[in-house]
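First up is the structure itself, then whatever we jot down about it.
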Amino acid sequence: MRLLPEAGKDKGVFQTMAQIFRSEALKKLRDPEQLDTVIKLTTPRGWMSLYIVLFIVVALIVWGFLGGIPSRVSGLGMIRDSKSVIYDVSATAEGWVEAVHVKIGDRVIEGDKIVTLRLPDTETKKKSALTTLEILRQQYDEQSAFTEKDVSGRAQNTEKQVSAMQESIKDTQQELNFYRDLYKVQEDELKKGYITRQTFEQTKVQISTAEQTIRDTRNKILQARTDQVEFKNDQKRTLAQMEQQIVQAENTLKEIETTLDTEKVITSPVEGRVTEIDTKLNAQVGLGAQLAVIQKSGEELIVTAFFQIGKGKKVLVGMKAEISPASVERDIYGVIRGRVTAVSELPESQAGIMEIFGNLSVAEDMMKAGPPLKITIELDEDPKTFSGLKWSSSKGPPVIITPGTTAFTTITVEEKRPIDYVIPIYETWLGHRNSEDDSG
Numbered sequence: 000m001r002l003l004p005e006a007g008k009d010k011g012v013f014q015t016m017a018q019i020f021r022s023e024a025l026k027k028l029r030d031p032e033q034l035d036t037v038i039k040l041t042t043p044r045g046w047m048s049l050y051i052v053l054f055i056v057v058a059l060i061v062w063g064f065l066g067g068i069p070s071r072v073s074g075l076g077m078i079r080d081s082k083s084v085i086y087d088v089s090a091t092a093e094g095w096v097e098a099v100h101v102k103i104g105d106r107v108i109e110g111d112k113i114v115t116l117r118l119p120d121t122e123t124k125k126k127s128a129l130t131t132l133e134i135l136r137q138q139y140d141e142q143s144a145f146t147e148k149d150v151s152g153r154a155q156n157t158e159k160q161v162s163a164m165q166e167s168i169k170d171t172q173q174e175l176n177f178y179r180d181l182y183k184v185q186e187d188e189l190k191k192g193y194i195t196r197q198t199f200e201q202t203k204v205q206i207s208t209a210e211q212t213i214r215d216t217r218n219k220i221l222q223a224r225t226d227q228v229e230f231k232n233d234q235k236r237t238l239a240q241m242e243q244q245i246v247q248a249e250n251t252l253k254e255i256e257t258t259l260d261t262e263k264v265i266t267s268p269v270e271g272r273v274t275e276i277d278t279k280l281n282a283q284v285g286l287g288a289q290l291a292v293i294q295k296s297g298e299e300l301i302v303t304a305f306f307q308i309g310k311g312k313k314v315l316v317g318m319k320a321e322i323s324p325a326s327v328e329r330d331i332y333g334v335i336r337g338r339v340t341a342v343s344e345l346p347e348s349q350a351g352i353m354e355i356f357g358n359l360s361v362a363e364d365m366m367k368a369g370p371p372l373k374i375t376i377e378l379d380e381d382p383k384t385f386s387g388l389k390w391s392s393s394k395g396p397p398v399i400i401t402p403g404t405t406a407f408t409t410i411t412v413e414e415k416r417p418i419d420y421v422i423p424i425y426e427t428w429l430g431h432r433n434s435e436d437d438s439g
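So for the sequence shown, numbering that gives the first Met the number 0 puts the first residue at 0; every next one is plus one.
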């Protein structure tokens, strides 16, 4: 057997191979360095898939030990106010709505403006009172100026009259002195017979007349001064009366303004949230007409819910709750956060359920599975939301949640790690295998 081809035939074989294979490929086939080339077990895509699978497995293991699966129970409830205190804001006078200062959902404090009214009748009274006050003040100013001038003028005239009468008294006093001296002389002359008694008596009359004239003049001076004082006092009394009229007019104006302020601006009687507005701009309202409704702050909303005994016995005070009002789309706005504050020890009667829901058919349906337990839930508040309640979504619905709304209630009674559910299954499976091995 020939192991090597003949020389001529070898040449032909290599020529044929050169035609079939590229020279470079043939070179690599003869290159012993190919023995050091790394063998590729998989592609980069394969490695990436492997890493992803490993990441998922690790994540599942971590979640199994650190994560939690909640266990929940559910029931039907009614949203209520803890004390059911609602305040009506009413018009204090007949008028027209000039401005509405709040909108539904706004939080207000006591004294905040709710509605401003336009009160034509009261405003007319105010204008009339202002006009009256202005007239009285003008009359007082005029009378005061006139009185000052008149009193001063009369005082000057009185002093002139008094001066003249005092001069007259001086003259009369001189005459009196003369007649008194004459009387003394005539008295001696009468005794001596130099004059007649008639002449003597005439002198006595002159003395009496002068004395009476002086007395009368002095009385006139006193009367003139008294008249001046009386006139001045009369003028003061007139001004005082006018001042009193001004004070009365000012008081009347203040009363009207106070009434106007009180009746025109309707304010909040309490701190709370506006839940209803029953008027609009330029609307006519009567005395006592309801303008808005305010739910007092501090009167927290609660949920009275009913759970079957088997579920309700798992609930404890402080457990977290989720409340889904019937009037709100849960898929869009989520649920209200809350916390259990009370759990009844005894089952509730049908009458008790009827008192909460006000619906006999609902009470009968609840009683079909046996008397339920009553659970009270306090709703968490969040002033940033429109409703003022804390929602699972960021803002919640753009509506006010009011008492009397039915709600589906869910309470988280337990939260276990996923591994806690797997271990019992594994133990059961392991026990079953051991039983099979023992029987085998």
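C-beta atoms are modelled at their ideal positions from N, C-alpha and C, and glycine is treated no differently.
On a predicted model such as this, the values are computed, not experimentally measured, just so you know.
Among all the DSSP beta bridges, which residues are the ones paired with M460?
Summary: the structure shown does not reach residue 460, with the chain confined to residues 0 through 439, and so no result is reported for it.
Put F20 into one of helix, strand or coil per three-state DSSP.
As a first step, residue 20 is located in the sequence shown; it is residue number 21 there, counting from the start. Annotation note: pLDDT 49 at F20 (below 50); position unreliable, coordinate value reported separately. Residue state for F20 is assigned as coil, using DSSP reduced to three classes.
Report the three-state DSSP secondary structure of Y193 (helix, strand or coil).
Mapped onto the sequence shown, residue 193 falls at position 194. For Y193, the secondary structure class from DSSP, reduced to helix, strand or coil, is coil.
Kindly list the residues whose CB is nearer than 6 Å to the CB of V327, restricted to its own chain and excluding five residues on each side of it in sequence; keep chain order.
Numbered from its first residue, the sequence shown carries residue 327 at position 328. Once the five neighbours on either side are set aside, the close Cβ partners of V327 are P396.
Based on the DSSP output, what are the partners of L372 in its beta bridges?
Counting from one through the sequence shown, the residue named residue 372 turns up at place 373. The secondary-structure analysis by DSSP pairs L372 across a beta bridge with F306.
When the Cβ atoms of the stretch 270-277 are set against those of the stretch 160-180, are three or more pairs found closer than 8 Å?
No, because fewer than three Cβ pairs between the stretch 270-277 and the stretch 160-180 fall closer than 8 Å, the two stretches do not touch.
Under a three-way DSSP split, which group does E87 fall into?
Working through the sequence shown from its first residue, we reach residue 87 at position 88. Just to set this straight, residue 87 is Asp in the shown sequence, not Glu. D87 falls in the strand class under three-state DSSP.
Which of the three DSSP states is assigned to E174 in this structure?
Looking up residue 174 in the sequence shown gives position 175. In the three-state scheme derived from DSSP, where H, G and I count as helix and E and B as strand, E174 is classed as helix.
Hey, could you find the ends of the alpha helix (DSSP H) L315 is sitting in?
Taking the first residue of the sequence shown as 1, we reach residue 315 at position 316. It is not in any alpha helix (DSSP H) - L315 carries neither H nor E in the DSSP assignment.
For the stretch 92-139, which segments carrying the beta strand (DSSP E) assignment without a break, of at least 3 residues, lie completely within its bounds, in sequence order?
Assignment of beta strand (DSSP E) within the stretch 92-139, counting only whole runs of 3 or more residues, yields 94-99 and 112-117 in chain order.
Sequence-distant residues of the same chain with beta carbon closer than 8 Å to V107, five excluded per side:
Residue 107 sits at position 108 when you count from the first residue of the sequence shown. In the same chain as V107, and ignoring 5 residues on each side of it, the C-beta atoms closer than 8 Å to its own belong to V101, I113, S267, E270, G271, R272, V273 and I293, in chain order.
Helix, strand or coil for S323, going by three-state DSSP, please let me know.
Position 324 of the sequence shown holds residue 323. DSSP, reduced to helix, strand and coil, places S323 within a strand of the structure shown.
Given T409 as reference, the closest of G403, A368, G337 and A341 once Cα atoms are compared:
Within the sequence shown, numbered from 1, the residue matching residue 409 stands at position 410. If we check each option's Cα against that of T409, G337 comes out closest.
Stretch pair the stretch 342-350 + the stretch 388-407: three plus CB contacts closer than 8 Å:
Counting Cβ pairs under 8 Å, fewer than three are found: no touch.
Beta-carbon spacing of I220, Q165 below 8 Å:
Position 221 of the sequence shown, counting from 1, holds the residue named residue 220. Position 166 of the sequence shown, counting from 1, holds the residue named residue 165. Closer than 8 Å, so yes.
Can you tell me the Cα-Cα spacing of Q185 and T157, whole angstroms?
On the sequence shown, position 186 is the one that residue 185 refers to. On the sequence shown, position 158 is the one that residue 157 refers to. Using only the alpha carbons, I get a separation of about 40 Å.
Considering only residues of the same chain and omitting the five flanking positions on each side of K394, which have a CB-CB separation below 6 Å?
Taking the first residue of the sequence shown as position 1, residue 394 is located at position 395. So the qualifying residues of the chain are T384.
Delimiting residues of the alpha helix (DSSP H) encompassing D359
Mapped onto the sequence shown, residue 359 falls at position 360. The sequence given here has Leu at residue 359, not Asp. Per DSSP, the unbroken alpha helix (DSSP H) holding L359 starts and ends at L359 to M366.
Determine contact between the stretch 372-382 and the stretch 301-309, defined as no fewer than three beta-carbon pairs at a distance below 8 Å.
Short answer: they touch.
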